[in-house]
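This report concerns only the one structure given below.
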Amino acid sequence: MQKTKYLGILVLATILIGGIGCATAGSEKSAAMKTEMTADGAKQAIAAAKAAQKKAASVSGEWRDTGKIIKAAEKALKEGDVKTAIKLANKARVQGERGYEQMMAQKDLRLPAYFK
Amino acid sequence: MKKILLMSVSMLTALVISGAVMASPEEDRAIFQKYFKERFPAVPTEEFANGVYSIDPVGRENWEAIEEFPPYETFIDAGQEMWEKPFANGKTYKDCFPDGPAIAGKYPHWDKKKGSVITLPMALNACLKANGEKPLKYKKGPINNILSYIAYESRGQVTNVVIPKDDPRAMEAYEMGKKFYFTKRGQLNFSCANCHLQNAGMRLRTEILSPALGHTTHFPVYRSKWGTVGSLHRRFTGCNKQVRAKPFKAHGEEYRNLEYFLTYQSNGLELNGPGARK
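Those sequence lines, one after another, are chains A and B. Position one of the first sequence corresponds to residue 3 (our numbering), numbered consecutively onward. Position one of the second sequence corresponds to residue 41 (our numbering), numbered consecutively onward.
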């Protein structure tokens, strides 16, 4: 009886985690897909990347290469390579978002077990 | 009576909780030093002033050979010239630092008037500015010469960072430094503590991760990788870049507070800069 109960919880947890994962991946994918493969679309993607970078920086969470990736996206756009520009801008935007989330998740100092 | 009892219990609980969350700097240092004593029981505490060479016998052999003809010597000489050379107004660094040049043991310290941690490079630049001279760049260049000279003259002084109890801002700066130290950052999601506390002594590719205890005693260092002498904040920058985090400004608030926290943990260890590292 006890075993069945634990098994049930395990299955439920797996479904839930899987569901959240798919939903997150889905929203990322849809955000990228929504971007039109045009120069204006690329400009929007770069603007979104810059906003995410700024947000991450506001909590000291900017990653090393985000700025460089944005510059590369701008360069690609200037050269007329819209596809590459959008791809890079989206990559930079995700970095900015992750950097922000990373710092928010550690808002409060939690000392590791080895330092107690 | 019941009320008083309830209040006492809740106050005691609050005290226990706050104690668990925020240890005093003294408690932090005790945990820090105990951690390394337990992790490397054969290494005497004072040996940690030698950085990674306190725990890496092979690296130590190479280091001792390098120290026979120290690569930082010319930087010390250049620094001495800087120290002695009068500014345009005829004054010298000695006018700013009457106890100099052996002053490394006084830094970093809390400046109540400025409400900030003051590092040695900041004090040197403040001296230059006060005498109408152009401040030096923090990470590269001549600042490392004068830092080398001061470090050399300060050898044997003991790390003794004080967190004054009469100014809560000092404690705040210390806590900010501590938070920085334990915060995972960058694309690789590593904190300073992950490498230099949790995994000290482990291999990262071909290198052995140095222990955090004693990290601040030997700066500035001549790094073979750099081909020159560099400061502690340049090293902080490098570490942040390695975990793919955007580094902070040298001697900006983040790194100043980090230096304050980190140096405090090595209180009691001798200064032996400038050092030589790979």
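All C-beta atoms, glycine included, are put in the ideal place defined by N, C-alpha and C.
Measure how close the beta-carbons of residue i and residue j come, nearest whole angstrom, since I'm counting them as under 8 Å.
i: residue 260 (chain B); j: residue 184 (chain B); result: 5 Å
i: residue 297 (chain B); j: residue 216 (chain B); result: 4 Å
i: residue 223 (chain B); j: residue 309 (chain B); result: Between residue 309 (chain B) and residue 223 (chain B) the Cβ distance is about 25 Å, and since that is not below 8 Å, they are no contact.
i: residue 240 (chain B); j: residue 231 (chain B); result: The Cβ separation is near 13 Å, so there is no contact.
i: residue 188 (chain B); j: residue 95 (chain B); result: Contact doesn't hold; Cβ gap of about 25 Å is too wide.
i: residue 148 (chain B); j: residue 295 (chain B); result: The pair is not a contact, with the Cβ atoms about 10 Å apart (cut-off 8 Å).
i: residue 315 (chain B); j: residue 236 (chain B); result: Not confirmed; about 16 Å, so no contact.
Return the CA-CA distance between residue i and residue j, expressed in angstroms with no decimal places.
i: residue 276 (chain B); j: residue 225 (chain B); result: 13 Å
i: residue 142 (chain B); j: residue 312 (chain B); result: 12 Å
i: residue 79 (chain A); j: residue 96 (chain A); result: 19 Å
i: residue 91 (chain A); j: residue 43 (chain A); result: 10 Å
i: residue 255 (chain B); j: residue 132 (chain B); result: 31 Å
i: residue 227 (chain B); j: residue 99 (chain B); result: 30 Å
i: residue 107 (chain A); j: residue 271 (chain B); result: 31 Å
i: residue 119 (chain B); j: residue 68 (chain B); result: 35 Å
i: residue 93 (chain A); j: residue 87 (chain A); result: 10 Å
i: residue 191 (chain B); j: residue 154 (chain B); result: 25 Å
i: residue 161 (chain B); j: residue 81 (chain B); result: 35 Å
Which one or two residues does DSSP pair with residue i in a beta bridge?
i: residue 24 (chain B); result: Nothing about residue 24 (chain B) can be reported from this structure: the residues present for chain B run from 41 to 318 only.
i: residue 243 (chain B); result: B:248
i: residue 294 (chain B); result: Bridge partners of residue 294 (chain B): none, in fact.
i: residue 285 (chain B); result: A:65
i: residue 225 (chain B); result: B:230
i: residue 149 (chain B); result: B:158
i: residue 310 (chain B); result: B:198
Taking C-beta pairs closer than 8 Å, name the residues in chain A that residue i reaches, listed in chain order.
i: residue 89 (chain B); result: Result: empty, since nearest Cβ-Cβ is about 21 Å, beyond 8 Å.
i: residue 229 (chain B); result: 104
i: residue 305 (chain B); result: Correct list: empty, because the minimum Cβ distance to chain A is about 11 Å.
i: residue 233 (chain B); result: 114, 117
i: residue 71 (chain B); result: 117, 118
i: residue 76 (chain B); result: Simply none; closest approach about 11 Å.
i: residue 281 (chain B); result: 66
Name, please, each residue of chain B whose Cβ falls closer than 8 Å to the Cβ of residue i.
i: residue 64 (chain A); result: 285, 286
Using the beta-carbon of each residue, which ones in chain A are nearer than 9 Å to residue i?
i: residue 257 (chain B); result: Under the 9 Å cutoff, chain A gives no residues; its nearest Cβ is about 21 Å from residue 257 (chain B).
i: residue 276 (chain B); result: By Cβ distance, chain A contributes nothing, its closest Cβ being about 13 Å from residue 276 (chain B), past 9 Å.
Could you work out which residues of chain B lie near residue i, taking near to mean beta carbons separated by less than 7 Å?
i: residue 108 (chain A); result: 223, 224
i: residue 79 (chain A); result: Neighbours of residue 79 (chain A) on chain B: none; closest Cβ ~23 Å, over 7 Å.
Strictly below 9 Å CB to CB, what residues from chain B border residue i?
i: residue 111 (chain A); result: 61, 62, 215, 218, 219, 222, 223
Continuous alpha helix (DSSP H) assignments of at least 4 residues falling wholly in the region 43-114 of chain A: 68-80, 84-107
field: Whole runs of the beta strand (DSSP E) within the region 68-131 of chain B, excluding any shorter than 3 residues
entry: none
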